[in-house]
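Here the working numbering is used: the first residue of the sequence shown is 1, the next is one more, and so on. For each residue, glycine too, the CB sits at the ideal point set by N, CA and C. Everything below concerns the one structure shown next.
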Amino acid sequence: MGEQYLRDELSRIEAAGNLRHLVPAAHDGCEIIIDGRRMLNLSSNDYLGLGADKMLRKEFLAQLNPENLYMSSSSSRLLSGEFPVYGQVETMLSRMFGKEAALVFNSGYHMNLGILPALAIGNTLIIADKLVHASIIDGIRLSGAEYCRFRHNDFSLLENILERSHRRFDRIIIVVESVYSMDGDTADLQLICRLKARYGNVLIYVDEAHAFGVFGENGLGLAEAQGCLQQTDIICGTFGKALASVGGFTVCSNAVRDILVNRMRPFIFSTALPPVNWMWTAFMLGRMSGLKPLREHLASISLQLCNKLKNKGFKMVSESQIIPLVVGDSQAAVKLASALRDRGFYALPVRPPTVPNGTSRIRFSLTANMSGEHIAALSEAIDELA
Ligand SMILES: *Cc1c(COP(=O)(O)O)cnc(C)c1O
């Protein structure tokens, strides 16, 4: 009976309509197959379709040699040293971004959990956008630093907070994302950089998880697209989305990197990713700047769906491949998602507390291996159901 309280809690979660399950699925190109049902996968983060690309996997596997291929790193990087591929990936990253240094983490979650506690030394204020990812919130909490959050993308509020507090703190770290995961809207990084320039003691930390690979001439993200790679102190991203690999990374100064190596607990106390994953990451990074046609295609089908929803009278804030259809009511969102599944479109309903009350939605996430015809078919289904 010791676990009855857990069953009680599960009943409460279920009664609130929020019980989640892990669903087995097979993948085939841009389609997902669940319970024998084949659907267009509108819930994937494989934004460029690279994870689904068999030719890339074949090409990669053909160049591997079991002699020097390690499936485990068998320790933290500080403990028994560095495999050569680690340095290769980090050098590639720092060169691509034109930054002094780069550091790779086991995941984007590790990255956001660890960076702020490592950097928030002494009298630090952290200011974060209201809608930053859960991993950043956890990092803020663990840092123990004073923090405040400003209304999503409201930079006049950010300015007020800076004006009010910059004298009281030794330093301020502003934390934002570049593309936000629930609305698909973007941050004005240039404006944040201009604010930073006005005060001496501000660092900017941008999580490019949904933009890395997708935005910018070379796919580096929104900071590249907005021309502020140099002014942005700490640019972070994940390899787990558009790059079709695994791991988180930051590009930064040598000082930031050295502090992270010395103080960041998820970096110090976790076994590094297997060298085979790093090799795949290097393989994919080498291709990224050449993937502009995929980025352009993704932008074009995203615009196609956005315009469609706009024309139907939905208020659209999305400026990316993440496109929400805001229904409002939670049950209506669940019903619409289920009806879309019946038509062969797999997109999940997103409800409170993940999004604000009254803004339940279907979240479409587009990938570059979808065609204009796919989007046209989806639009037709939306016309009939929404
Ligand atoms: C997905 C995501 C992460 C986590 O990255 P993982 O590599 O999946 O752990 C961090 N931040 C944001 C904004 C994300 O969307």
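Proximity winner among the options, relative to residue i (alpha-carbon distances)
| i | options | result |
| --- | --- | --- |
| Asp233 | Ile192, Gly36 and Gly216 | Ile192 |
| Cys30 | Gly213, Leu42 and Arg287 | Leu42 |
| Leu222 | Ser320, Glu146 and Lys312 | Ser320 |
| Met182 | His133, Asp35 and Arg141 | His133 |
| Asn123 | Thr238, Asp170 and Val104 | Asp170 |
| Pro266 | Ala209, His110 and Leu340 | His110 |
| Lys241 | Asn45, Glu14 and Arg38 | Asn45 |
| Pro352 | Met1, Leu378 and Ile13 | Ile13 |
| Met370 | Ile235, Lys196 and Ala52 | Ala52 |
| Ile126 | Arg95, Val202, Leu61 and Leu189 | Val202 |
| Leu309 | Leu229, Ser379 and Gly17 | Ser379 |
| Thr238 | Leu103, Leu40 and Gly87 | Leu103 |
| His374 | Ile301, Arg149 and Ile174 | Ile301 |
| Gly87 | Ala386, Ser365, Lys292 and Trp278 | Trp278 |
| Pro324 | Asp185, Arg295 and Ser253 | Asp185 |
| Arg57 | Glu296, Leu305, Trp280 and Ala386 | Trp280 |
Distance between residue j and residue i (C-alpha atoms, nearest Å)
| i | j | result |
| --- | --- | --- |
| Ala244 | Arg167 | 43 Å |
| Val206 | Ile115 | 12 Å |
| Leu348 | Gly81 | 43 Å |
| Ala299 | Ala187 | 17 Å |
| Asp154 | Gly328 | 23 Å |
| Gly200 | Val261 | 25 Å |
| Glu146 | Gln63 | 50 Å |
| Asn106 | Ser270 | 8 Å |
| Phe283 | Tyr5 | 48 Å |
| Ile33 | Ile382 | 21 Å |
| Arg20 | Leu10 | 10 Å |
| Leu195 | Glu159 | 7 Å |
| Pro275 | Lys315 | 46 Å |
| Ala289 | Gly227 | Residue identity check: residue 289 is Ser in the sequence provided, not Ala. Roughly 16 Å between the two C-alpha positions. |
| Leu285 | Met39 | 30 Å |
| Met55 | Ala120 | 44 Å |
| Leu273 | Phe249 | 12 Å |
| Lys292 | Gln190 | 23 Å |
| Gly49 | Asn112 | 25 Å |
| Pro117 | Ala128 | 14 Å |
| Asn357 | Phe212 | 30 Å |
| Ala333 | Val256 | 43 Å |
| Phe345 | Arg198 | 48 Å |
Continuous beta strand (DSSP E) stretch holding residue i: start and end
| i | result |
| --- | --- |
| Asn41 | Arg37 to Asn41 |
| His27 | Ala26 to Asp28 |
| Glu31 | Glu31 to Ile34 |
| Leu203 | Val202 to Asp207 |
| Phe150 | Glu146 to Phe150 |
| Arg7 | Not the beta strand (DSSP E): Arg7 falls in the alpha helix (DSSP H), residues Gln4 to Ala15. |
| Thr367 | Per DSSP, Thr367 belongs to no beta strand (DSSP E) and is neither H nor E. |
| Arg171 | Arg171 to Glu177 |
| Gly240 | Run containing Gly240: none; DSSP gives neither H nor E here. |
Extent of the continuous alpha helix (DSSP H) run through residue i
| i | result |
| --- | --- |
| Asp129 | First-last for Asp129: Thr124 to Asp129, but that is the beta strand (DSSP E), not the alpha helix (DSSP H). |
| Glu384 | Gly372 to Leu385 |
| Asp258 | Asn254 to Arg263 |
| Leu222 | Leu222 to Ala225 |
| Ile136 | Ala134 to Ser143 |
| Cys193 | Leu189 to Arg198 |
| Arg20 | Looking at the DSSP string, Arg20 is not in any alpha helix (DSSP H), and its letter there is neither H nor E. |
| Arg164 | Phe155 to Ser165 |
Beta strand (DSSP E) runs contained entirely in the stretch 326–361, provided each spans 3 or more residues: 348–350
In chain order, what are the residue ranges of uninterrupted alpha helix (DSSP H) at least 4 long that sit wholly in the stretch 267–318? 275–288 and 292–311
Ligand 1: which residues have Cβ under 6 Å from any of its heavy atoms, chain order? Ser107, Gly108, Tyr109, Asn112, His133, Ser135, Glu177, Ser181, Asp207, Ala209, His210, Thr238, Gly240 and Gly248
Can you check the stretch 52–110 for any beta strand (DSSP E) of at least 3 residues that lies completely inside it and give the ranges in chain order? 101–105
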